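S.K.:
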Amino acid sequence: MAESKSESGAVMKFVQDYRLKMLIPELLVVFGVWYFLPNLGVTFYEGNVYEIFGVWMYLFQPLSFLPSGLLLLLTVFTLHGIYPLDNYHEGKIPELPKLATLMIIISFFLMPILVAMQMLGYYMTEATEFFSRNPFWERVESVGDLLFYAGPMFFVGLQWWLVLPVFFLSQGVDGIHKVAHHETSNEKVTTVFYFLWAITMPLFFEPVEIIAMAALSIPAFAFYSYVRPYYTYVTAVHTLTFSLLILVTVFIAPWLPLLNQWIPGSIPLHTPDPLWGELALSPMIFGVVCAAVLLAVIIAAYLTHRN
Amino acid sequence: MLLAGILIQAIIYPLVWLLGIFAHDYFAEVILICIGSVGVQAIGFFVIMGRTRGMDPAIYGQGRPFQHKLREEDEDLATRKPTFD
């Protein structure tokens, strides 16, 4: 491992040190925020979401004349300085990385409040290492993940109704990773919090949203076990849990989201206007996709089992 | 469990689609994602089975072997996550 690192070029070293692969989930959140922006009366290339805040807007975004959506994209890149800094804190690299420090300072300048909350999230994820590893600090660690990765949803997209569902989501996602990696102090508590994710989703979302979540999260998790089959049991648990969730969802669909039944209006309307609904609706496209998927499955079955 | 999960999805998604019981602005997109999702999972199932053929089934329940070192210069693999004392 050390050898391959010294041989790799400057670009690869940058990609590894700054953990650029983590841009994938972060950019997904950015696109999510961009999708919500029209609900706030701005677009991702034009308009400042903080203008409704009056004077306070300069605290959230000092460069108030620039579009918040694009600044957010820039911040996601500059905040990656946190990964080398994390390695420095853990003693994995001996010298304080100057570029990384500069990148974090720039991020603070671009969106102070967002980055402050993300930094708070980062320190919360370190809580198990600074204090002690017990179920309480492990939950704090998961909330740190929420602030760090989903922060833009709240502090730029202003989707505050998402706080509770994302709390359960972060507990579930982080929990199942902890179990798979054998790094939890109490497997039972962590497992319970994982199942809370599936159980609480009908409180907050409509049936189609839950189905979309299942359809996206199951293969996303399963990729771990395609690369390393020793994760298969985690994939199996997750696949079955979320299949049962959508099975239940189909039956209780008329009452979803449940929270709106009990506290009307607690989940606001949030669906943005469709971009290309007409195209996707055509039976032709459906047929082509079904055929392509079926063909791919047959080819995969042949390739993996031909001997 | 994995197979059961994939099968349940393979049955429910087309049912939801054909019966059209839910109305949503993004219904068509979600159904497309569902079809793709089941496809990826089915391919993935064959990949797992293909890669672990002839191996002890215990590997499926093993989880990650803990392998990272706390410091570069350490000889032994770590038994815990790094902690500040």
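So the sequence lines, in the order shown, correspond to chains A and B.
The working numbering applies: residue 5 is where the first sequence begins, and numbers increase by one.
The working numbering applies: residue -2 is where the second sequence begins, and numbers increase by one.
Built from N, CA and C at the ideal position, the CB exists for glycine as well.
Quantities reported herein were computed from a predicted structural model and do not represent experimental measurements.
Evaluate H186 (chain A) with the Cβ neighbour count: other Cβ atoms within 10 Å of its Cβ, from every protein chain shown; 16 or more gives buried, anything less gives exposed.
M.R.: exposed
S.K.: Indicate the three-state DSSP secondary structure (helix, strand or coil) for E133 (chain A) in the structure shown.
M.R.: helix
S.K.: How about T129 (chain A): is its C-beta nearer than 8 angstroms to some C-beta of chain B?
M.R.: no
S.K.: Please check the pair Y23 (chain B) and V212 (chain A), which I expect to be a contact at CB under 8 angstroms, by giving their CB distance rounded to whole angstroms.
M.R.: 7 angstroms
S.K.: Pull the bridge partners of E50 (chain A) from the DSSP assignment, please.
M.R.: A:T47
S.K.: Would Y22 (chain A) and Y127 (chain A) qualify as a contact pair, given that the criterion is a beta-carbon distance under 8 angstroms?
M.R.: No, the pair does not count as a contact, with Cβ atoms beyond the cut-off.
S.K.: Quick check: G155 (chain A) and L118 (chain A), are their CB atoms within less than 8 angstroms of each other?
M.R.: yes
S.K.: Output the boundary residues of the alpha helix (DSSP H) element that contains H181 (chain A).
M.R.: V167 to A184
S.K.: Would you call G2 (chain B) buried or exposed, if buried means 16 or more other Cβ atoms sit within 10 Å of its Cβ?
M.R.: buried
S.K.: Going by the beta-carbon positions, is the gap between L63 (chain A) and P116 (chain A) smaller than 8 angstroms?
M.R.: yes
S.K.: Since G41 (chain B) meets chain A, which of its residues come closer than 9 angstroms, beta carbon to beta carbon?
M.R.: P223, A226, F227, S229, Y230, T239 and A304
S.K.: Using the beta-carbon count (16 or more within 10 Å), is T47 (chain A) buried or exposed?
M.R.: exposed
S.K.: P272 (chain A) by DSSP, collapsed to three states: which one?
M.R.: coil
S.K.: Of all Cβ atoms in chain A, is any one closer than 8 angstroms to the Cβ of G33 (chain B)?
M.R.: yes
S.K.: Would you mind telling me which residues of chain B sit closer than 7 angstroms to S247 (chain A), beta carbon to beta carbon, in chain order?
M.R.: G2, I5 and Q6
S.K.: Determine the contact status of Y230 (chain A) and G41 (chain B), defining contact as a CB-CB distance below 8 angstroms.
M.R.: yes
S.K.: Taking CB distances under 8 angstroms as the criterion, tell me whether G83 (chain B) reaches chain A.
M.R.: Since the first and last residues shown for chain B are -2 and 82, residue 83 (chain B) lies out of range.
S.K.: Give the straight-line distance between the Cα atoms of H309 (chain A) and A257 (chain A), rounded to the nearest whole angstrom.
M.R.: 40 angstroms
S.K.: Would you mind giving the Cβ-Cβ distance between S34 (chain B) and A295 (chain A), rounded to the nearest angstrom? I have them listed as a contact below 8 angstroms.
M.R.: About 16 angstroms separates the two Cβ atoms, so there is no contact after all.
S.K.: Fully enclosed by the stretch 10 to 92 of chain A, which alpha helix (DSSP H) runs are 4 residues long or longer?
M.R.: Fully enclosed alpha helix (DSSP H) runs of 4 or longer: 14 to 21, 27 to 40, 61 to 64 and 72 to 82.
S.K.: Taking only three categories from DSSP, how would you classify M205 (chain A)?
M.R.: helix
S.K.: What are the boundary residues of the alpha helix (DSSP H) that A4 (chain A) is part of?
M.R.: No answer is possible for residue 4 (chain A): it lies beyond the span of chain A, which begins at 5 and ends at 311.
S.K.: I'd like to know whether the C-beta atoms of F152 (chain A) and T132 (chain A) end up nearer to each other than 8 angstroms.
M.R.: Here F152 (chain A) is not near T132 (chain A), since their CB atoms are 8 angstroms or more apart.
S.K.: Would I215 (chain A) pass as a contact of V13 (chain B) if the rule is Cβ separation under 8 angstroms?
M.R.: yes
S.K.: Within 8 angstroms (strictly less), CB to CB, does L(-1) (chain B) reach chain A?
M.R.: yes
S.K.: Residue range of the alpha helix (DSSP H) that T253 (chain A) falls in?
M.R.: T236 to I256
S.K.: Any Cβ of chain B within less than 8 angstroms of the Cβ of E145 (chain A)?
M.R.: Among the residues facing chain B, E145 (chain A) is not included, as its CB has no counterpart in that chain under 8 angstroms away.
S.K.: So what's F19 (chain B) in DSSP terms, helix, strand or just coil?
M.R.: Three-state DSSP puts F19 (chain B) in coil, outside helix and strand.
S.K.: What does G58 (chain B) reach in chain C if we use C-beta pairs closer than 7 angstroms?
M.R.: Here the protein chains are A and B, and chain C is not one of them.
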